[in-house]
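Just so we're aligned, residue 8 is where the sequence shown starts under the working numbering, counting upward by one.
Working notes, structure below.
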Amino acid sequence: KNTPKDSDNSRRRNGELTGRDNNKTHPENPKPNKTGNEQKENNDANKEVTNNIAAQTFTFRELATATKNFRQECLIGEGGFGRVYKGKLEKCGKIVAVKQLDRNGLQGNKEFIVEVLMLSLLHHKHLVNLIGYCADGDQRLLVYEYMSRGSLEDHLLDLTPDQIPLDWDTRIRIALGAAMGLEYLHDKADPPVIYRDLKAANILLDTDFNAKLSDFGLAKLGPVGDKQHVSSRVMGTYGYCAPEYQRTGQLTIKSDVYSFGVVLLELITGRRVIDTTRPKAEQNLVTWAQPVFKEPSRFPELADPSLEGVFPEKALNQAVAVAAMCLQEEATVRPLISDVVTALGFLGTAPDGSISVPNYDDVPPPRQQADQTSGEDPVSAEERERAVAEAMEWGVASRAHSRNPSAANSRNPSTANSRNPSAAHSRNPSAS
């Protein structure tokens, strides 16, 4: 499946899939009548994007032509936010992925604007490349580079009987790529960006299985200055969210580190973070693995059976230790993502294969709750305005920083040093 968004099956399992409802509006159906407020919101969104983004703009007609009028044969993914089509741009012949947001779905103007703003200013080899967007009337479409191998979920958690499982080296390469994408967001972006939606379905793969982070609709500006966290309505996918974020709504870059730990554990085990088809004691991956974290001699028990024992045991032990550190209950003792990048980069290189298992609290099962990305609540309008304002503020700050980086650093040298951007840059000089 060549999908740059969540697969249909996985969305059903996670309770996120927007079903094919005959009452929903599709391109071939008449447009519903908009209320005055909805139309004003659309017009405001068009102005916000057009006035602040340098990304290429497309007309709806151009993207309809590229996708053969959004024909079913071009559909490569479908989820709660809408549908993704494979297309070919008529002017240049480039193959692209076109995400058409469902006008009745989970991603509204807020997420659309945030995603366009973020991806038009953030450029890294491990972030999916935004080619352009369309904001014609009430149509909202995003145009991305086409990722030929779809998502990590397609190759790890949604295997068909004839699919070959990922080998160990490929799994570590994918983990390292995702970690480097997060490192760029946390350490190189100024202000830092919290991704907030790291999961297997949002890690896309190119022909060579290089990983890129996608779907920035939930991205949030990180704390700056003396702030330790930012407060936000809890959103994301159940199982991947950090426990402190689920409890309090307090978000930090360490929340992303927890989510990365979940993905790394999925890569090691080949298991889904929440799998209700398994025995009750094994349905929550983190809870099931937690007792094993305390006994290094048992680490090989976590290896995906489909690997058939073909992996370096020292590297597996170190990968499990990294996952355990990322999944610690106390956010402050989780490693920085830059430390994770370093650990994965040298995975299996310790001469004696020794590992250090940290002291950590038991990781309790996350509280069961419905996916918070759906529906509206009384504060949704305020949240929408705040998110757009923050994203635009971030864009202004980023442009100012790019024009005068020394001045930007002098405003908050302690923050810059704590994130150690120079060290990150030295590991990946092409990051910027």
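Heads up, the beta-carbon is just placed ideally off N, CA and C, and yes, glycines get one too.
Worksheet item: Hey, how far is the Cα of TYR68 from the Cα of PHE119?
Response: One-based indexing of the sequence shown puts residue 68 at position 61. One-based indexing of the sequence shown puts residue 119 at position 112. The question names Tyr, yet the displayed sequence has Arg at residue 68. Those two C-alpha atoms are separated by around 19 Å.
Discussion item. Rounding to the nearest angstrom, what Cα-Cα distance links GLY259 and ARG203 in this structure?
Written reply: Stepping through the sequence shown from its first residue, residue 259 is reached at position 252. Stepping through the sequence shown from its first residue, residue 203 is reached at position 196. This sequence places Thr at residue 259; Gly is not what is there. Taking the straight line from one Cα to the other gives about 9 Å.
Worksheet entry | DSSP three-state assignment for ASN291, whether helix, strand or coil | Translated into positions along the sequence shown, residue 291 becomes position 284. Note: ASN291 maps to strand in three-state DSSP.
Worksheet item: With distances taken from CA atoms, which of GLY84, ASP263, HIS162 and GLN335 is nearest ALA226?
Response: On the sequence shown, position 219 is the one that residue 226 refers to. Nearest of GLY84, ASP263, HIS162 and GLN335 to ALA226, Cα basis: ASP263.
Worksheet entry | Exposure of THR167, with buried meaning 16 or more beta-carbon neighbours within 10 Å | Taking the first residue of the sequence shown as position 1, residue 167 is located at position 160. Counting Cβ neighbours within 10 Å, THR167 comes out exposed, since fewer than 16 surround it.
Practice prompt. Buried or exposed for VAL298, please, with buried defined as at least 16 other CB atoms from any protein chain shown within 10 angstroms of its CB.
Written response: For this step, residue 298 is matched to residue 291 along the sequence shown. One point to set straight first is that residue 298 is Pro, not Val, in the sequence displayed. Under this definition PRO298 is an exposed residue.
Item to complete: Would you mind reading off the limits of the alpha helix (DSSP H) that contains ILE179?
Response: For the purposes of this step, residue 179 is taken as residue 172 along the sequence shown, with counting starting at 1. Unbroken alpha helix (DSSP H) run through ILE179: 175-190.
Worksheet entry | Spatial neighbours of THR283 in its chain, beta-carbon cut-off 7 Å, leaving aside the 5 residues before and after | Here residue 283 refers to the residue found at position 276 of the sequence shown. Hits under 7 Å: GLN290.
Fill in: Residue environment, SER304, which counts as buried when at least 16 other CB atoms sit within 10 Å
In the sequence shown, counting from the first residue as 1, residue 304 sits at position 297. Answer is exposed; the Cβ neighbour count stays below 16.
Worksheet item: Got a sec? Which residues, its chain only, sit under 7 Å from GLU190 by beta carbon, not counting five neighbours each side?
Response: The sequence position of residue 190 within the sequence shown is 183, counting from 1. Hits under 7 Å: ILE344, SER345, VAL348 and ALA431.
Worksheet entry | GLN335, buried or exposed, once every other Cβ within 10 Å from all chains shown has been counted against 16 | Taking the first residue of the sequence shown as position 1, residue 335 is located at position 328. By the neighbour-count rule (16 or more Cβ atoms within 10 Å), GLN335 is buried.
Item to complete: Helix, strand or coil for GLY277, going by three-state DSSP, please let me know.
Response: The residue labelled residue 277 in the question sits at position 270 within the sequence shown. In the structure shown, GLY277 sits in coil (DSSP, three-state: anything other than H, G, I, E or B).
Worksheet item: Could you give the C-beta distance for PRO198 and GLY224, rounded to a whole number, given that I count them as a contact under 8 Å?
Response: As a first step, residue 198 is located in the sequence shown; it is residue number 191 there, counting from the start. As a first step, residue 224 is located in the sequence shown; it is residue number 217 there, counting from the start. About 18 Å; that fails the 8 Å criterion.
Worksheet item: What three-state label does DSSP hand CYS81 in the structure shown?
Response: Counting from 1 along the sequence shown, the entry for residue 81 is found at position 74. Residue state, collapsed to three classes: helix.
Practice prompt. List the DSSP bridge partners of LEU149.
Written response: Start at 1 with the first residue of the sequence shown, and residue 149 comes out as number 142. Answer by DSSP bridge pairing, in chain order: LYS106 and TYR140.
Practice prompt. Name the residue from ALA310, ASP143 and GLY184 whose alpha carbon lies nearest to the alpha carbon of VAL327.
Written response: If you number the sequence shown from 1, residue 327 lands on position 320. Among ALA310, ASP143 and GLY184, the Cα nearest to that of VAL327 is on ALA310.
Item to complete: Measure from the alpha carbon of MET187 to the alpha carbon of each residue in ASP174, MET242, ALA208 and VAL135, then state which is nearest.
Response: Here the question's residue 187 lines up with position 180 in the sequence shown. Per the Cα distances, VAL135.
Practice prompt. Determine the burial state of GLY1: buried for a count of at least 16 other Cβ atoms within 10 Å of its Cβ, exposed for fewer.
Written response: Past the edges of the chain, shown from 8 to 439, lies residue 1, and the structure says nothing about it.
Practice prompt. Would you check if the segment 118-133 and the segment 173-182 touch, i.e. whether three or more CB-CB distances between them fall below 8 Å?
Written response: no
Worksheet item: Considering only the beta carbon of each residue, do SER266 and LEU205 sit closer than 9 Å?
Response: Counted from its first residue, the sequence shown places residue 266 at position 259. Counted from its first residue, the sequence shown places residue 205 at position 198. Yes, they are a contact pair.
Worksheet entry | Where the beta strand (DSSP E) containing LYS95 begins and where it ends | Along the sequence shown, read from residue 1 onward, the residue named residue 95 stands at position 88. Taken as a continuous stretch (DSSP letters only), the beta strand (DSSP E) holding LYS95 covers 89-95.
Fill in: Residue range of the unbroken beta strand (DSSP E) whose run includes ILE210
As a working note, residue 210 is residue 203 in the sequence shown. Run containing ILE210: 210-212, per the beta strand (DSSP E) assignment.
Worksheet entry | Cα-Cα separation between GLU1 and SER221, rounded to whole angstroms | With the chain covering 8 to 439 only, the question about residue 1 has no answer from this structure.
Practice prompt. Spatial neighbours of GLY277 within its chain, please: CB distance less than 6 Å, with the 5 preceding and 5 following residues excluded, ordered by chain position.
Written response: For the purposes of this step, residue 277 is taken as residue 270 along the sequence shown, with counting starting at 1. So the list reads ASP311 and SER313, once near-sequence residues are dropped.
Worksheet item: How about ALA73 and VAL105: are their beta carbons less than 9 Å apart?
Response: Sequence index remark: in the sequence shown, residue 73 carries index 66 (1-based). Sequence index remark: in the sequence shown, residue 105 carries index 98 (1-based). Contact: yes.
Worksheet entry | Per-residue burial, ASP215 [other beta carbons within 10 Å of its own, 16 or more giving buried] | Indexing the sequence shown from 1 puts residue 215 at position 208. With fewer than 16 other Cβ atoms within 10 Å, it is exposed.
Worksheet item: Tell me which same chain residues have a C-beta within less than 8 Å of the C-beta of LEU292, skipping the five on either side of it?
Response: Your numbering for residue 292 matches position 285 in the sequence shown. Only GLY246, VAL269, LEU272, GLU273, THR276, ARG278, ARG279, VAL280, ILE281 and ASP282 meet the Cβ criterion.
Discussion item. Let's see if you can read the secondary structure: which residues bound the alpha helix (DSSP H) around LYS321?
Written reply: Mapped onto the sequence shown, residue 321 falls at position 314. Looking at the DSSP string, the run of the alpha helix (DSSP H) that includes LYS321 is 320-333.
Item to complete: Mind checking which residues open and close the beta strand (DSSP E) that includes LEU220?
Response: Taking the sequence shown and counting its residues from 1, one reaches residue 220 at position 213. Run containing LEU220: 218-220, per the beta strand (DSSP E) assignment.
Worksheet entry | Exposure label - PRO286; buried when at least 16 CB within 10 Å | For the purposes of this step, residue 286 is taken as residue 279 along the sequence shown, with counting starting at 1. So PRO286 counts as exposed.
Worksheet entry | C-alpha distance - PHE88 paired with VAL200, whole-angstrom precision | Here residue 88 corresponds to residue number 81 of the sequence shown, with the count starting at 1. Here residue 200 corresponds to residue number 193 of the sequence shown, with the count starting at 1. Whole-angstrom Cα-Cα distance: 21 Å.
Discussion item. If I follow the unbroken alpha helix (DSSP H) through LEU163, where does it start and stop?
Written reply: Translated into positions along the sequence shown, residue 163 becomes position 156. Element bounds for LEU163: 159-163.
Discussion item. Less than 8 Å between C-beta atoms, sequence neighbours within five positions excluded: which residues of the same chain meet that for VAL170?
Written reply: Taking the first residue of the sequence shown as position 1, residue 170 is located at position 163. Looking at the sequence shown, residue 170 is not Val but Gln. Taken in chain order, the residues that qualify are HIS162.
Worksheet entry | Residue burial classification, GLY84 (beta-carbon count within 10 angstroms, cutoff 16) | By 1-based counting over the sequence shown, the position of residue 84 is 77. Under this definition GLY84 is a buried residue.
Worksheet item: To which residues of the same chain is HIS193 closer than 6 Å at the C-beta, ignoring the five residues directly before and after it?
Response: Counted from its first residue, the sequence shown places residue 193 at position 186. These residues qualify, in order along the chain: PRO199, ILE260 and ILE344.
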